[in-house]
Amino acid sequence: MPRPLRVAIGGIHIESSTFSPHLSTADDFEVTRGDALLARYDWLSPAQPWAADVEWIPLVHARALPGGAVDRATYDAWATELVEKLAAAGPLDGMLLDFHGAMTVVGSDDAEGDLVTAIRSVLGPEPFVSAAMDLHGNVSQVLFDACDLLTCYRTAPHVDVWETRERAARNLVEALRRQQRPHKALVHVPILLPGEMTSTREEPARGLYARIPDVEARDGVLDAAIWIGFAWADQPRCRGAVVVTGTDATATAEAARELGGHFWAARDEFAFVAPTGSMDECLDTALAAVADPARRPFFISDSGDNPGAGGADDVTFALERMLARPEIRDGSRRAVFASLVDPRAVAQIADQPPGSPVRVTVGGRIDSRDPGPLPLDGILEAVADDPDGGRCVSVRVGGLSVFVTSRRMQYRLLDSYARLGVKVDEVDLVVVKIGYLEPELFDAAGDWLLALTPGGVDQDLARLPYRNVVRPVFPLDRDFTADLAVVTG
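Printed below as a string of structure tokens:
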């Protein structure tokens, strides 16, 4: 009887804005090891038929909310642990890499490439490596060369995360059982777009990703993946990509060329997923609109400081503009601002009983751009512990509830609002640090605007000081012919 396949699992999962002053450290990460790591994957609990007769070797997995660059000591510690556990695991047939693809480490412009290079130095050239990634990740030449199989999410907002990880693992196991190293083909597409212009809820991204099943149905093709890429890192690898893997070299190359061509041809069709404007323009529209109950709650995305893309989560620009509105200050309109991270401010007031008058300065401690820290003079409305944000408070100023958290978080779930006593369907206006609305908020919204606010993930890419991305790249450059060369492996 043949021995079971032996496959290791591990990774470091974060996306990092190089334009954000936030520095991601060990405190920002949730780290999983041993049986707890295997328990993350529902296709192992219990094992699906394709995953049976495989010995899964858990290494280490570290995951964080998107942020700024990862400090070198934090990265080195986990990369070293991963490599040392890999070396101690004994002979392996393969490895599943579970990572994002847009991590930045201080001093590196291709962190995932560095990581997989370190892994290969221990694993050797023979075992197969399969990577499960976010479609907002990047595929460098180094990463492509070091992996045998690469795939990524097919939805944004991401509702196929676990499906993608299972697909990457299944593709790996099936390739190992065939005892045939897959053929692969890469096309880099010179497009650099924010996720808020490429949601798969809307065309052209919806139609682009809808092509994948037909491509995968072809003889000789196993998997087709399209990366939008990550717009908020100033690195040569940041651009769109297509990777196709299969059992036939010609079929994979033709499919990659075709999908890359469709991606490039659609470049002028990409548009923001919601109407946009300055913060003041969005407030003007929203405060007029909420006279109509059908348009409440009206959501405004404070998109430039979205922690879900790497923003610092403490830029006070949008909050200042809200507080300047008389109808919010006098309570004639009920509004929520979610949120600012400021553990110092939370600690200053959280032990007081709800209903206490408080005076506290919030925000602007990580990203101090104008207007910087803001004084709040109001009532402590609620205190709660959140699994993501830690100890959180709500400070009521007139008709506005200002949420302040101890840890960076994104208010994308209705339960998070409810913990601080807010039912969003009972308020007029919600300003939230987010880009496109995640599913629960999207369903709850009576209407929605995307404010083009300042921050480390500014949606107006022309305002960002790029120096290192490969040029020309759309839309920073427009009058050029794309090089859609196919690279095979």
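Reminder that position 296 of the sequence shown reads as 280 in our numbering, one-by-one numbering, no gaps.
Each residue gets a CB set at the ideal place from its N, CA and C atoms; glycine is no exception.
Model, not experiment: these values are computed from the prediction.
(1) Cα-Cα, which of D118, L80, G383 is closest to V100?
(2) So, helix, strand or coil for T16, using DSSP?
(3) Over the uninterrupted alpha helix (DSSP H) stretch that includes L384, give me the two end residues.
(4) Quick check: the Cα distance between N498 and R162, rounded to an integer number of angstroms?
(5) I want to see whether chain B comes within less than 8 Å of L397, judged by CB atoms only; does it?
(6) Could you check how far apart the C-beta atoms of D60 and V90 are, in whole angstroms? I think they sit under 8 Å.
(7) For the structure I just gave you, are there three or more beta carbon pairs, one from the region 370 to 388 and one from the region 275 to 284, closer than 8 Å?
(8) Can you list, in chain order, the residues of its chain with a C-beta nearer than 6 Å to that of E14? Leave out the 5 residues immediately preceding and following it.
(9) With C-beta atoms as the reference, is G315 less than 8 Å away from G362?
(10) Quick one, are the C-beta atoms of V113 and A130 less than 8 Å apart?
(11) So, helix, strand or coil for M306, using DSSP?
(12) Give the range of the beta strand (DSSP E) segment to which I363 is assigned.
(13) Please tell me whether A296 and S4 are closer than 8 Å, where the distance is taken between their beta carbons.
(14) Report back the beta-carbon spacing between A428 and D409 to the nearest angstrom; my notes put them in contact at under 8 Å.
(15) Assign N452 to one of two classes, buried (16 or more other C-beta atoms within 10 Å of its C-beta) or exposed (fewer than that).
(16) Please report the straight-line C-alpha distance between G52 and L404, rounded to a whole angstrom.
(17) In the structure shown, what three-state DSSP assignment does R447 receive?
(18) Counting C-beta neighbours from all protein chains within 10 Å, is the total for M(-15) 16 or more, i.e. buried, or is it exposed?
(19) Can you tell which of A293, S8, H142 has the C-alpha that lies nearest to the C-alpha of A57?
(20) Cβ atoms of I350 and D298: under 8 Å apart, would you say?
(21) Please determine, among L307, Q219, A239, R313, the residue with the shortest C-alpha to C-alpha distance to G97.
(22) Return the first residue and the last residue of the beta strand (DSSP E) that G399 is part of.
(23) Can you give me the C-alpha to C-alpha distance between W216 and Y395, rounded to a whole angstrom?
(24) Which residue from E424, R241, T2 puts its Cα closest to that of V441?
(25) Specify, as a first and last residue, the run of the alpha helix (DSSP H) that S105 falls within.
(26) In terms of residues, what are the limits of the alpha helix (DSSP H) holding W146?
(27) When DSSP builds the beta bridges, which residues end up paired with K168?
(28) If you count every other CB in all the chains shown that lies within 10 Å of the CB of S29, and 16 or more means buried, which is it?
(29) Does the distance from the CB of V342 to the CB of L358 come in under 8 Å?
(30) Who are L433's beta bridge partners in DSSP?
(31) Please report how far the alpha carbon of A159 lies from the alpha carbon of A102, in whole angstroms.
(32) For a minimum of 3 consecutive residues, which ranges assigned as the beta strand (DSSP E) are wholly contained in the region 19 to 98?
(33) For T229, does the count of other Cβ atoms within 10 angstroms reach 16, so buried, or fall short, so exposed?
(34) Can the beta-carbon of R149 be found less than 8 Å from the beta-carbon of A194?
(35) Could you check how far apart the C-beta atoms of I212 and L177 are, in whole angstroms? I think they sit under 8 Å.
(36) Using alpha carbons as the reference points, say which of V67, T64, D82, H(-3) lies closest to Y25.
On the basis of the supplied data:
(1) L80
(2) strand
(3) Element bounds for L384: not the alpha helix (DSSP H) but the beta strand (DSSP E), 384 to 389.
(4) This structure gives no information on residue 498, because the portion of the chain shown stretches from -15 to 473.
(5) The question asks about chain B, but that chain is absent: this structure has only one protein chain.
(6) Not really, about 10 Å apart at Cβ, beyond 8 Å.
(7) no
(8) R47
(9) no
(10) yes
(11) helix
(12) 358 to 370
(13) yes
(14) 7 Å
(15) exposed
(16) 27 Å
(17) helix
(18) With a pLDDT of only 49 at M(-15), under the threshold of 50, the placement of this residue in the model should not be trusted; the figure read from the coordinates follows. M(-15) should be labelled exposed.
(19) S8
(20) yes
(21) Q219
(22) Strictly speaking, residue 399 in this sequence is Asp, with Gly absent from that position. Careful: D399 lies outside any beta strand (DSSP E), inside the alpha helix (DSSP H) at 398 to 403.
(23) 21 Å
(24) T2
(25) 95 to 107
(26) 145 to 162
(27) T229
(28) exposed
(29) no
(30) I284
(31) 23 Å
(32) 38 to 48, 78 to 82
(33) buried
(34) no
(35) 6 Å
(36) D82
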